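Colleague: I am attaching a structure below and will ask some questions about it afterwards.
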Amino acid sequence: MGKIIAIANQKGGVGKTTTSVNLAASLGVLEKKVLLIDADPQANASSGLGIDVESVEIGTYQLLEHSNTPEEAIVETSSPNVSLIPAHIDLVAIEIELVDKDNREYMLKEALKNIKNQYDYILIDCAPSLGLLTLNALTAADSVIIPIQCEYFALEGLGKLLNTIKSVQKIHNPELDIEGLLLTMFDSRLRLSNQVVEEVQKHFNDMVFKTIIQRNVKLSEAPSFGESIINFDATSKGASNYLSLAHEIIKKNSI
Numbered sequence: 000m001g002k003i004i005a006i007a008n009q010k011g012g013v014g015k016t017t018t019s020v021n022l023a024a025s026l027g028v029l030e031k032k033v034l035l036i037d038a039d040p041q042a043n044a045s046s047g048l049g050i051d052v053e054s055v056e057i058g059t060y061q062l063l064e065h066s067n068t069p070e071e072a073i074v075e076t077s078s079p080n081v082s083l084i085p086a087h088i089d090l091v092a093i094e095i096e097l098v099d100k101d102n103r104e105y106m107l108k109e110a111l112k113n114i115k116n117q118y119d120y121i122l123i124d125c126a127p128s129l130g131l132l133t134l135n136a137l138t139a140a141d142s143v144i145i146p147i148q149c150e151y152f153a154l155e156g157l158g159k160l161l162n163t164i165k166s167v168q169k170i171h172n173p174e175l176d177i178e179g180l181l182l183t184m185f186d187s188r189l190r191l192s193n194q195v196v197e198e199v200q201k202h203f204n205d206m207v208f209k210t211i212i213q214r215n216v217k218l219s220e221a222p223s224f225g226e227s228i229i230n231f232d233a234t235s236k237g238a239s240n241y242l243s244l245a246h247e248i249i250k251k252n253s254i
């Protein structure tokens with residue numbers, strides 16, 4: 000039985016795409032079959048896995064429109080066991096186009112129902128907003144990972160996201176779970192980083208992943224080469240952090 004995990008936070012720059020790409024690659028290396036869905040019009044998850052986004056003809060947009068099947072949209076990547084449904088800038092228009100449709104929050108759920116069991120994990124890289132795209136991802140998902148950067152405004156907006164998750168649970172998807180809060184961009188030299196970690200762990204306790212993603216130059220460089228950190232530099236701190244996160248998720252889901 001496959002598990003669908005959305006990676007969401009309406010704040011930009013918190014490490015959603017970095018997490019989506021590198022968690023997918025790490026799960027793939029650990030011999031899990033993974034599908035990554037790029038649900039962000041910026042299409043960074045697609046380019047981060049080496050896809051030329053300008054040439055994407057069938058992707059998340061067509062999937063949400065139900066004009067193509069997931070099988071037609073899936074492309075293979077250079078990461079072992081990782082497939083991708085890419086995005087294109089035209090995904091920007093989907094919010095407007097879905098507004099008048101019946102069951103507009105269920106478009107992605109409906110599109111994925113026949114392929115869910117073909118994968119161990121389906122990861123959805125969400126856009127930095129709480130619009131219809133993110134709502135579709137949360138309605139389709141079994142759980143959500145919330146990346147939180149270890150910086151001053153870390154908790155700002157988190158309440159709003161948790162309220163959105165609550166209302167999705169209430170109205171559209173009672174099964175939706177919080178997979179965990181993931182602390183990202185941690186710099187052990189900064190007192191502020193350490194304070195944010197303490198604060199988040201104190202408030203959210205068991206909801207916080209034990210793995211913390213540290214600031215890492217290689218992690219920032221990998222996307223410009225169209226590679227995950229596992230392909231780019233498997234010996235780096237970033238690769239070791241994401242492999243640790245993948246192990247943690249596999250362990251949690253096998254209990």
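Each residue of the sequence shown is one higher than the one before, counting from 0 in numbering that gives the first Met the number 0.
Note that CB positions come from ideal geometry on N, CA and C, so glycine has one too.
Just so we're clear, the structure is a prediction, and the values are computed from it rather than from any experiment.
(1) Would you kindly work out how many angstroms separate the C-alpha atoms of residue 165 and residue 232, rounded to a whole number?
(2) Decide yes or no for the touch test of the region 56-72 against the region 0-18: beta carbon pairs closer than 8 Å, at least 3 of them.
(3) By the three-class DSSP mapping on this structure, what secondary structure does residue 82 have?
(4) According to DSSP, simplified to helix, strand and coil, what is residue 210?
(5) Which residues share a DSSP beta bridge with residue 20?
(6) Between the region 8-28 and the region 51-58, do three or more beta carbon pairs fall short of 8 Å?
(7) Looking only at C-alpha atoms, which of 32, 48 and 123 sits nearest to residue 117?
(8) Could you check which residue in 151, 138, 180 and 187 has the C-alpha nearest to that of residue 170?
(9) Have a look at residue 62 and residue 79 and give me their C-alpha separation to the nearest angstrom.
(10) Measuring CA to CA, which of 92, 72 and 247 is closest to residue 84?
(11) Give the range of the beta strand (DSSP E) segment to which residue 259 is assigned.
(12) Determine the direct distance from the alpha carbon of residue 140 to that of residue 198, and round the result to whole angstroms.
Modeller: In brief:
(1) Here the question's residue 165 lines up with position 166 in the sequence shown. Here the question's residue 232 lines up with position 233 in the sequence shown. So the two alpha carbons sit approximately 38 Å from each other.
(2) Output reads no: the region 0-18 does not touch the region 56-72.
(3) Within the sequence shown, residue 82 is the residue found at index 83, counting from 1. Assigned with DSSP and collapsed to three states, residue 82 falls in strand.
(4) Within the sequence shown, numbered from 1, the residue matching residue 210 stands at position 211. In the structure shown, residue 210 falls within a strand segment according to DSSP collapsed to helix, strand and coil.
(5) As a first step, residue 20 must be located in the sequence shown, where it is residue number 21. According to DSSP, residue 20 bridges with nothing at all.
(6) Result no; under three Cβ-Cβ pairs closer than 8 Å.
(7) Here residue 117 refers to the residue found at position 118 when the sequence shown is read from its first residue. Per the C-alpha coordinates, the member of 32, 48 and 123 positioned closest to residue 117 is 32.
(8) On the sequence shown, residue 170 is found 171 positions in, with the first residue counted as 1. Nearest option by C-alpha distance: 138.
(9) Stepping through the sequence shown from its first residue, residue 62 is reached at position 63. Stepping through the sequence shown from its first residue, residue 79 is reached at position 80. Distance between the alpha carbons of residue 62 and residue 79 is about 24 Å.
(10) Position 85 of the sequence shown, counted from the first residue, corresponds to residue 84. Checking every option, the nearest Cα to that of residue 84 belongs to 72.
(11) The question about residue 259 has no answer, for the chain in this structure spans 0 to 254.
(12) Numbered from its first residue, the sequence shown carries residue 198 at position 199. Numbered from its first residue, the sequence shown carries residue 140 at position 141. Between residue 198 and residue 140, the C-alpha separation is close to 28 Å.
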